[in-house]
Amino acid sequence: MTYYETVKETAAWIAERMPSHPTTAIVLGTGLGRLAEEIEISLAIDYKDIPNFPVSTVEGHHGRLLFGRLGKTEILAMEGRFHYYEGYNMREITLPVRVMKELGIDTYFVSNAAGGTKPGFKVGDLMLITDHINFIPEHPLRGENYPGGPRFPDMSQPYDHALLDKARAIAKEKGIRVVEGTYLATQGPTFETPAEYRMFRYFGADAVGMSTVPEVIVARHMGMRCFGISVITDVGVDGEIVEVSHEEVQRAADAVQPLMAEIMREMIQP
Ligand code: HPA
95 MTYYETVKET AAWIAERMPS HPTTAIVLGT GLGRLAEEIE ISLAIDYKDI
145 PNFPVSTVEG HHGRLLFGRL GKTEILAMEG RFHYYEGYNM REITLPVRVM
195 KELGIDTYFV SNAAGGTKPG FKVGDLMLIT DHINFIPEHP LRGENYPGGP
245 RFPDMSQPYD HALLDKARAI AKEKGIRVVE GTYLATQGPT FETPAEYRMF
295 RYFGADAVGM STVPEVIVAR HMGMRCFGIS VITDVGVDGE IVEVSHEEVQ
345 RAADAVQPLM AEIMREMIQP
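For what it's worth, this note's numbering labels the leading residue of the sequence shown as 95, then goes sequentially.
Here it is as structure tokens:
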């Protein structure tokens, strides 16, 4: 079976079961997991039951595809995503995005946790992702071009300007402090050495993490509009670097979860 056929088969399996036809998808990454509790879920499918779907292996990342309503909007939510460091290849990691497109999704929302490399960023800051740097060695579009998208996709606006404006307005109205910046994705699973944080800063990164970029590249390849927020869970700035663990990342992300959820909830309303 070709990759395209695999995507089609997976989408057809889901389409037979899905109770609604959302156009909005949201990836409940680190810092947004609890938003799932607010979704009026009409159908939850374990990743392990979906043909061809990878299964998430990281603690703190569940593995369910959810259909339901958040506020006024029907959504498709991914509870947990797939990372390169888990051992998947790029096609596996981005399969859900290809499948979503088949299911009618046109707008892709993501959250993640990241280390802040911009001086002044603090633990708990919410960073609207305005741009990204792909620093993962395997490109998600390498190989035969996937049908429907261009061989050489434009990346001049990876994160949708209108959605960014909407987020700025929401944050202002609700009095939520947000920062903005460029997210750089590494392959992980190590956090950065001080020299690596410094290098990424020189490269133009404001925050560093281990996800999101492959998904957004594939989403853009198919013309989907993208929006993302990083929770700054640790700081990679000279003089401020301290030891970091997955638990601390999780804790820092949990602490600002309500604010992140508030922004995302509003973002997906029409
Ligand atoms: N580096 C990479 N990934 C991360 C970090 C970091 O400092 N914090 C949370 N995810």
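For every residue, glycine included, the Cβ atom is placed at its ideal position computed from N, Cα and C.
Measuring from the CB of G330, is there a heavy atom of the ligand GTP at a distance below 7 Å?
This structure simply doesn't include the ligand GTP; it includes the ligand HPA instead.
* To do: Pick out whichever of M95, Y97, L137 has its Cα sitting closest to the Cα of E110.
  => Within the sequence shown, numbered from 1, the residue matching residue 110 stands at position 16. Nearest option by C-alpha distance: L137.
Check: What are the uninterrupted segments assigned as beta strand (DSSP E) that are 3 or more residues long and contained completely in the segment 253-341, given in chain order?
Finding: 272-279, 301-303, 319-329
Checklist entry - With respect to the alpha helix (DSSP H) encompassing M194, which residues constitute its N-terminal and C-terminal limits? => result Here residue 194 corresponds to residue number 100 of the sequence shown, with the count starting at 1. Segment 184-197, the alpha helix (DSSP H) holding M194.
**Request:** Please indicate yes or no: does the CB of T280 lie closer than 7 Å to some heavy atom of the ligand HPA?
**Result:** On the sequence shown, residue 280 is found 186 positions in, with the first residue counted as 1. It does: the Cβ of T280 is within 7 Å (strictly closer) of some heavy atom of the ligand HPA.
Between T369 and the ligand HPA, is the CB less than 7 Å from at least one heavy atom? The question about residue 369 has no answer here: the residues shown for the chain are numbered 95 through 364.
Next item on the list: Let me know if E131 comes out buried or exposed under the rule of 16 or more other beta-carbons within 10 Å of its beta-carbon.
Entry: Working through the sequence shown from its first residue, we reach residue 131 at position 37. With fewer than 16 other Cβ atoms within 10 Å, it is exposed.
message = Is A207 close to the ligand HPA? I mean its beta-carbon at under 7 Å from any heavy atom of the ligand.
response = As a position in the sequence shown, residue 207 is number 113, starting the count at 1. Correct: A207 has its Cβ closer than 7 Å to the ligand HPA.
_Using 8 Å for Cβ pairs, my map puts T365 next to N206. What's the rounded Cβ distance?_
Beyond the ends of the chain as shown, which are 95 and 364, falls residue 365; an answer cannot be given.
| Quick one, are the C-beta atoms of L159 and R359 less than 8 Å apart? | Here residue 159 is taken as the residue at index 65 of the sequence shown, counted from 1. Here residue 359 is taken as the residue at index 265 of the sequence shown, counted from 1. No, these two residues do not count as a Cβ contact at 8 Å.
Give me the Cβ distance between A265 and V272, rounded to the nearest whole Å; I'm assuming they're in contact under 8 Å.
Start at 1 with the first residue of the sequence shown, and residue 265 comes out as number 171. Start at 1 with the first residue of the sequence shown, and residue 272 comes out as number 178. About 4 Å separates the two Cβ atoms, so the contact holds.
Can you list, in chain order, the residues of its chain whose CB lies under 6 Å from that of T201, leaving out five sequence neighbours each side? Looking up residue 201 in the sequence shown gives position 107. Result list for T201: T118, R319, in chain order.
Reducing DSSP to helix, strand and coil, say where Y240 ends up. Numbered from its first residue, the sequence shown carries residue 240 at position 146. Coil at Y240, not helix or strand.
What residue range does the alpha helix (DSSP H) around L222 cover?
The residue labelled residue 222 in the question sits at position 128 within the sequence shown. Note, L222: premise wrong, no alpha helix (DSSP H); beta strand (DSSP E) at 220-228.
Validate contact between the segment 163-179 and the segment 292-303 using beta carbons, cut 8 Å, 3 pairs: no
- Task: List the endpoints of the continuous beta strand (DSSP E) containing R381.
- Result: What is shown of the chain runs 95 to 364, which leaves residue 381 out entirely.
Query - Anticipated Cβ contact below 8 Å, I270 with L353, distance rounded - result: By one-based count along the sequence shown, residue 270 stands at place 176. By one-based count along the sequence shown, residue 353 stands at place 259. With a Cβ gap of about 5 Å, I270 and L353 count as contacting.
**Prompt:** Among P148, L126, S339, E180, which residue has its Cα nearest to the Cα of F285?
**Reply:** Here residue 285 corresponds to residue number 191 of the sequence shown, with the count starting at 1. The shortest Cα separation from F285 among P148, L126, S339, E180 belongs to S339.
(request) For Y184, count neighbouring C-beta atoms within 10 Å of its own C-beta (all shown protein chains included) and say buried if the count is 16 or more, exposed if not. (result) The residue given as residue 184 occupies position 90 in the sequence shown. The question names Tyr, yet the displayed sequence has Met at residue 184. Its Cβ being crowded by 16 or more others within 10 Å, M184 is buried.
| field | D143 in three-state terms, based on DSSP | value | Locating residue 143 in the sequence shown gives position 49, where the first residue counts as 1. DSSP places D143 in helix when its eight states are reduced to three.
Between which two residues does the beta strand (DSSP E) holding R163 run? Taking the sequence shown and counting its residues from 1, one reaches residue 163 at position 69. Unbroken beta strand (DSSP E) run through R163: 158-164.
- From this set, T124, M249, P288, which residue's C-alpha is nearest I335's C-alpha? Translated into the one-based positions of the sequence shown, residue 335 becomes position 241. I335 has its Cα closest to that of P288, out of T124, M249, P288.
> Cβ of D300 within 8 Å of Cβ of K212?
Replying inline: Position 206 of the sequence shown, counted from the start, is the residue given in the question as residue 300. Position 118 of the sequence shown, counted from the start, is the residue given in the question as residue 212. Yes, these two residues count as a Cβ contact at 8 Å.
**Asked** DSSP on G127, reduced to helix/strand/coil?
**Response** To locate residue 127, count along the sequence shown from 1; it is residue 33. Note: G127 maps to helix in three-state DSSP.
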